[in-house]
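J.: Sending over a structure as structure tokens; questions will come in a sec.
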Amino acid sequence: MNKQRVSTGQAFRATLQRDLLIAYKRKNDMVNPFMFFLIVASLFPIGISPDSERLAEIAAGVLWISALLASLLAMDNLYRADYEDGSLEQLLLSPHPLYFMVLAKNIAHWLVSGLPVVLISPLIAYMLNLPSESYMTLFVTLLLGTPVFSLLGSIGVALTVGLGSRGLILAVITLPMSVPVLIAGTLAIEQTSNGASLGGYLAILGAMLVASISLAPLASGAALRISVN
Amino acid sequence: MILFLVIGATWALLYVPQDYQQGLTNRILYVHVPVASLSLSFFPLMAVAGTITLVWKMKLADMVVKVAAPLGAWFTALALASGSIWGVDTWGTWWIWDGRLTSLLLQFFLLLGIISLRSALEDSDAAARACALLSIVGCINVVVIKYSVDWWNTLHQPGTTFGMTSDQPNGPEFWIPLLIMGIAVALFFAVSLILATRNEILERERRSQWVQELVQE
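Respectively, the protein sequence lines represent chains H and W. Note that our numbering gives residue 95 to position 95 of the first sequence, counting from 1, and the numbers run on in steps of one. Note that our numbering gives residue 139 to position 139 of the second sequence, counting from 1, and the numbers run on in steps of one.
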């Protein structure tokens, strides 16, 4: 790079591209959350009951909880490799607003770990015998909800990235924070299967998404500055 | 504090007229209501102290965040326990997934998360800032959780207003002991917070001159 200054937009795009490229090269990290989602979701029928009527009742909750756990499992990869090889420090030292850098990393992470889960969810919903009129609701609410999981989880990961045994602490910090999304998502599916309109829940989930896009990267950035001294 | 606690507890437990429906059980109200309402104040307290830690880097504010977290967990646990003892008689169940109960339970989990984060971080300066940040985030989140679970499922009664005259449903013979108990519990909280903070100061400054002198006396 010559002396030309890099604009924030270019830096944003470069970070996004870099993270996507790394994820593409390391396919394990990409496939694992996805596999985890499939396995957890298929444990419920085995553990509770294979009876199709009972499955239909719990299907929405099972899918949401599996998606939440899958996103939690994938969170650990978000900053750890960068923390270990020092590129996280370079990111913090860069002259661009940390907000956009963190947002780019979060978007890349969600595209890799969250989006596949959302895309496969109708299939699992079919296997769990979810009423067919709820498929659209499930898909849209997961599409709005999983980025919020990623953004909130990012705060927890940023706080714990320097720790040796962070898995459990990450869960203790992150899971209670994700509850509002879980409630809104499952309520939306439950209500629409009773014939209510979807608009209100979509608005609430959308509001959560907008709020976490605008606030969570700030908190993650501050947490990264604390963790990386 | 002790005076208020003794007066409040005796009055509430012995002299308040029994509720015509709930009988003696309603007397647990005089423990449950003050403890529960106070336990809601922990996150705002920790968020304010956390902001002070982050902005002005005051050590004392961080100590307050540190000692308030276990205290808050205890108060939250007490509120949940007294509520469920009350609930077993009036609702017929120890636990129910109701809005208020669930949001208080999640607040309990968040407080435990803050405590475990602090114990996991070895560098005390980083731990102070990390916990301060988590308190602020948690404070926003407790509000969100509170509202989200409220339209999820609700059994717990809303707050009751207390009237000044005795011919109203909740006359002075009910609310004056409640007020005394409220003051007593608030004072108890203040005293334990101050005592715990004093311990914390002594422990952190154990190498300084004045603490050494204090110990030697």
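We put the beta carbon where it would ideally sit given N, CA and C, even for glycine. In this text, all values refer to a predicted model and were calculated from it rather than measured experimentally.
Distance cutoff 8 Å, beta carbons only. Does PRO176 of chain H sit that close to anything in chain W?
T.: True, the Cβ-Cβ gap to chain W drops below 8 Å.
J.: When the Cα atoms are used, what is the spatial distance from GLN209 of chain W to ILE201 of chain W?
T.: Distance between the alpha carbons of GLN209 of chain W and ILE201 of chain W is about 13 Å.
J.: Got a sec: which bits of the region 39-64 of chain W sit with their beta carbon under 7 Å from any beta carbon on chain H, in order along the chain?
T.: Of all residues in the region 39-64 of chain W, none has a Cβ within less than 7 Å of some Cβ in chain H.
J.: If contact means a Cβ-Cβ distance below 7 Å, which residues of the region 94-119 of chain W contact chain H?
T.: Within the region 94-119 of chain W, the qualifying residues are LEU106, PHE109, LEU110, LEU112, GLY113, SER116 and LEU117.
J.: Please tell me whether SER227 of chain H has its Cβ less than 8 Å away from any Cβ of chain W.
T.: With 8 Å as the cut-off, SER227 of chain H counts as an interface residue toward chain W.
J.: With distances taken Cα to Cα, identify the nearest neighbour of ASN106 of chain H among H:LEU218, H:ASN229, H:SER227 and H:ILE226.
T.: Measuring from the Cα of ASN106 of chain H, the nearest candidate turns out to be H:LEU218.
J.: Any contact of the region 116-134 of chain H with the region 78-86 of chain H, i.e. 3+ C-beta pairs under 8 Å?
T.: No: the two stretches stay apart, fewer than three of their Cβ pairs being nearer than 8 Å.
J.: Tell me which same chain residues have a C-beta within less than 6 Å of the C-beta of PHE36 of chain H, skipping the five on either side of it?
T.: For PHE36 of chain H, where only same-chain residues beyond five positions count, the Cβ hits under 6 Å are ALA70 and LEU73.
J.: Counting Cβ pairs closer than 8 Å, one from the region 138-146 of chain H and one from the region 96-107 of chain W, do we hit at least three?
T.: The region 138-146 of chain H vs the region 96-107 of chain W: no contact.
J.: Sort W:PRO70, W:ALA128, W:TRP175 and W:HIS32 by Cα distance to ILE85 of chain W and report the nearest one.
T.: Selected option, being the one with the closest Cα: W:HIS32.
J.: Within the 8 Å Cβ cut-off, does ALA36 of chain W reach chain H?
T.: Not one chain H Cβ lies under 8 Å of ALA36 of chain W.
J.: When burial is assigned at 16 or more other CB atoms within 10 Å of the CB, is VAL191 of chain W buried or exposed?
T.: It counts as exposed.
J.: What is the rounded straight-line gap between the Cα of LYS25 of chain H and the Cα of GLU53 of chain H?
T.: Approximately 42 Å between the Cα atoms of the pair.
J.: Quick one: is PRO45 of chain H near chain W, going by C-beta distance under 8 Å?
T.: Not one chain W Cβ lies under 8 Å of PRO45 of chain H.
J.: Along chain W, which residues have their Cβ under 7 Å away from the Cβ of ALA219 of chain H?
T.: Correct list: LEU133 and VAL137.
J.: At the 8 Å Cβ level, is LEU121 of chain W part of the contact set with chain H, yes or no?
T.: Cβ-Cβ to chain H under 8 Å: yes for LEU121 of chain W.
J.: Buried or exposed: where does TRP56 of chain W fall if 16 or more other Cβ atoms within 10 Å of its Cβ makes it buried?
T.: Classification of TRP56 of chain W: exposed, given that the 10 Å Cβ count is below 16.
J.: So the candidates are H:SER7, H:ALA60, H:PRO33 and H:ALA67; which of them puts its Cα closest to the Cα of LEU175 of chain H?
T.: Nearest option by C-alpha distance: H:ALA67.
J.: Does any C-beta atom of chain H lie closer than 8 Å to the C-beta of ILE145 of chain W?
T.: Yes, its Cβ sits closer than 8 Å to a Cβ of chain H.
J.: Using a Cβ-Cβ cut-off of 8 Å, state whether SER166 of chain W counts as contacting chain H.
T.: With a pLDDT of 43 at SER166 of chain W, under the threshold of 50, the modelled position of that residue is not reliable, and the figure given next carries that caveat. Taking Cβ atoms only, chain H never reaches closer than 8 Å to SER166 of chain W, which makes this a no.
J.: Counting only Cβ pairs nearer than 9 Å, list the residues of chain H close to ASN199 of chain W.
T.: Under the 9 Å cutoff, chain H gives no residues; its nearest Cβ is about 25 Å from ASN199 of chain W.
J.: Skipping 5 residues on each side, what residues in its chain have a beta carbon closer than 7 Å to that of ASP29 of chain H?
T.: Within the same chain, ASP29 of chain H has close Cβ partners ALA23 and ASN77.
J.: What is the rounded straight-line gap between the Cα of TRP74 of chain W and the Cα of THR53 of chain W?
T.: Between TRP74 of chain W and THR53 of chain W, the C-alpha separation is close to 23 Å.
J.: List, in chain order, every chain H residue whose beta-carbon is nearer than 8 Å to that of ALA68 of chain W.
T.: Per Cβ cutoff of 8 Å: no residues; ALA68 of chain W is ~17 Å from chain H at best.
J.: Can you find at least 3 beta carbon pairs, one from the region 78-97 of chain W and one from the region 111-127 of chain W, that sit closer than 8 Å?
T.: Counting Cβ pairs under 8 Å, fewer than three are found: no touch.
J.: Suppose the cutoff is 7 Å on Cβ atoms and the five residues either side in sequence are ignored; what does the same chain contact list for LEU38 of chain W look like?
T.: Around LEU38 of chain W: PHE75, VAL185, ALA186 and PHE189.
J.: Would you report the Cα separation of ARG207 of chain W and GLN216 of chain W, rounded to the nearest angstrom?
T.: Rounded to whole angstroms, ARG207 of chain W to GLN216 of chain W spans 13 Å at the Cα level.
J.: What are the uninterrupted segments assigned as alpha helix (DSSP H) that are 4 or more residues long and contained completely in the region 73-141 of chain W, given in chain order?
T.: List check, alpha helix (DSSP H) in window: 99-120.
J.: Since ALA77 of chain W contacts PHE108 of chain W with CB under 8 Å, what's their CB separation in whole angstroms?
T.: Contact holds; Cβ gap of about 6 Å.
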